[in-house]
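Everything below concerns the one structure shown next.
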Amino acid sequence: MPIRVLVVEDSVTVRRRLCDALAADPAVEVVAEAADGREAIHLCETLRPDVVTMDMMLPVMTGLGATEYIMAHCPTPILIVSASTNRGEVFKTYEALAAGAVDVIEKPDGTEPDGEWERRFLAAVKIVARVRAVTHLRARLGSWGQPRPAAAAFPRASSAARACRIVAIGASTGGPGAVLTILRALPSRFPLPVVLVLHIGEPFAEAFADWLDRQTGFAVAYAVEGQPVEAVAGRVAMAPPGVHLVVRGGRFHLTRDPARHSCRPSIDRLFESLAEDCGSSTAACLLTGMGRDGAAGLLEIRRAGGLTIAQDEASSVVYGMPREAVLLGAAERVLPIGEIGPYLASMAEARIP
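With the sequence shown counted from 1, adding 58 to any position gets you my numbering.
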């Protein structure tokens, strides 16, 4: 059976190019086209496509609004097809990813070699079609901007976790929503540095730290070469797009070494450096994502005596990276995404005098 795709795009020219690219592949079928968000919802409910390609800036109802509704009421894998130059549109893209959209690809700009963008687009559609869509209650309940729960309400972590001095998080497909869930569960007095590697397309990565800062109330910024890790205590340092982030001698270092698992930044590179530099004082979390990046690095942290957590299958958009970690024996704990933040918070509470 072909992959059934609903194309949502208000520009006739762009929509035609998307449909032509899809129609050229016999494994894909365009079942309908929509020019606004409300029409997209109606067609999604009526036709139940395998994949929706979604523009963000739409009349009547925005792509974000349509994504939130679809993921709350008729969950369907969504590939965002967006222009990356407009900051407002980029922020809407992040919000759509956090609301359950699977991935994002930039719109063609006319400068690509012939057929290159179409190949990437078709590959992205086929990957997204393999993802199991789940209902996102955040979109249904409207929990954006809700205050964090009180730290006192969290269960205490085990004594083995109390020596941790740094938290590292790695995520890929489905990562924006997962990271947001964790950070919103941490108390405002969370004392540890949090280091983050997220796989997101480079054209869309530039403003992600700023968006995450606004959404969580945490100070979030891209790591700087030579910056002391202790200088970001109680804040989030994120790997900049297109470079690896490692820790050596208690400082952040940025490298353009070859990609690992086709990823740069690579979660493995960060985790391996933390295992060597920080050892048992590291708490590392490997979240939803496709592939295996981070699994070997998580194992190195566990071997060094650090605390290692993998997101469970039920709450993962893609149970790829966490599954690899579990199979390797790298995860000391396997937790639903809703329990990871509270666990880290309890660990931090245990070390506050």
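Ideal placement from N, C-alpha and C gives every residue a C-beta, glycine not left out.
In this text the structure is predicted, and so the values were computed from the model without any measurement.
On the premise that residue j lies in contact with residue i, defined as a C-beta separation below 8 Å, what is that separation, rounded to the nearest angstrom?
i      : j      : result
Glu358 : Phe329 : 6 Å
Cys343 : Ile227 : 5 Å
Gly347 : Ala182 : Not really, about 15 Å apart at Cβ, beyond 8 Å.
Cys132 : Arg223 : About 45 Å separates the two Cβ atoms, so there is no contact after all.
Which same chain residues end up closer than 7 Å to residue i when comparing Cβ atoms and leaving out the 5 residues on each side of it in sequence?
i      : result
Ser72  : First, the residue type needs correcting, since residue 72 is Val and not Ser in the sequence shown. These residues qualify, in order along the chain: Lys165.
Glu91  : Val65, Arg73, Cys77
Asp113 : Val66, Glu67, Asp68, Gly121, Val139, Ser140
Ser338 : Ala221, Ala362, Gly363, Gly364
Arg309 : Gly284, Gln285, Pro286, Val287
Asp315 : His302
Gly300 : Glu260, Arg322
Val282 : Phe310
Gln273 : Leu238
Gly200 : Its pLDDT being 44, under 50, Gly200 is placed unreliably in this model, and the coordinates cannot settle the point.
Would you please verify whether the beta carbon of residue i is less than 8 Å from any beta carbon of chain C?
i      : result
Ile359 : Given the protein chain composition of this structure (a single chain), no chain C is represented.
Restricting to Cα atoms, I'd like to know which of the options is closest to residue i.
i      : options                        : result
Leu332 : Val304, Arg318, Cys321         : Val304
Asp108 : Val118, Val160, Leu155         : Val160
Ile136 : Arg75, Gly168, Val63, Arg327   : Val63
Leu238 : Leu270, Phe262, Ser230         : Leu270
Gly396 : Met405, Glu382, Ala372         : Ala372
Gly355 : Lys150, Met348, Arg318, Ala297 : Arg318
Thr104 : Val118, Thr134, Leu80          : Thr134
Ala297 : Gln273, Arg75, Asp326, Met119  : Asp326
Ala291 : Pro299, His311, Ala279, Gly300 : Ala279
Leu345 : Met119, Pro299, Thr231         : Thr231
Gly307 : Arg314, Glu334, Ser324         : Glu334
Arg106 : Asp83, Ala93, Pro117, Ile61    : Ile61
Arg242 : Ala82, Cys132, Arg322, Ile398  : Ile398
Pro400 : Asp83, Arg75, Gly173, Phe248   : Phe248
Val186 : Tyr152, Val162, Glu174         : Val162
Leu180 : Gly349, Met119, Glu153, Thr111 : Thr111
Arg177 : Arg188, Asp83, Leu254          : Asp83
Tyr152 : Val189, Arg75, Ala267          : Ala267
Gly387 : Gly352, Lys184, Thr313         : Gly352
Val375 : Asp167, Arg272, Arg188, Thr313 : Arg188
Pro394 : Ala236, Val70, Thr340, Arg272  : Ala236
Ala263 : Arg75, Phe149, Met59, Gly378   : Phe149
Glu174 : Arg75, Leu312, Ala191          : Arg75
Gly349 : Thr340, Ser324, Ile240, Gly378 : Gly378
Leu256 : Glu382, Ser324, Leu250, Met119 : Ser324
What does residue i pair with, by DSSP beta-bridge criteria?
i      : result
Gln273 : Its beta-bridge partners do not exist; DSSP assigns none.
Glu87  : Arg62
Ser140 : Glu164
Leu312 : Leu303
Cys321 : Arg318
Glu256 : Here residue 256 turns out to be Leu, not Glu, going by the sequence shown. DSSP output for Leu256 lists Ala229 as bridge partner(s).
Tyr280 : Met296
Met112 : Val66, Ile138
Ala92  : Val66
Pro286 : Arg309
Ile224 : Thr340
Apart from the five residues on each side of it in sequence, which residues of its chain come closer than 8 Å, Cβ to Cβ, to residue i?
i      : result
Glu390 : Arg360, Leu365, Thr366, Ile367
Glu147 : Met114, Met115, Ser140, Ala141
Arg145 : Ala265
Val392 : Ile367, Ala368, Gln369, Asp370, Pro380, Val384
Kindly list the residues whose CB is nearer than 6 Å to the CB of residue i, restricted to its own chain and excluding five residues on each side of it in sequence; keep chain order.
i      : result
Ala124 : Gly95, Ala98, Ile99
Ala197 : The predicted model places Ala197 with a pLDDT of 47, which falls under 50 and marks its position as unreliable, so this point remains unresolved.
Leu155 : Pro234
Ser320 : none
Val252 : Val225, Val294
Leu80  : Val63, Val86, Val88
Leu101 : Leu64, Ala90, Ala92
Pro171 : none
Ala219 : Interpretation of Ala219 is limited by its pLDDT of 42, a score under 50 that renders its predicted location unreliable; no figure is taken from the coordinates.
Ala277 : Arg293
Problem set entry | Secondary structure, beta strand (DSSP E): runs of 3+ residues fully inside the segment 329–397 | 340–344, 365–369, 391–393
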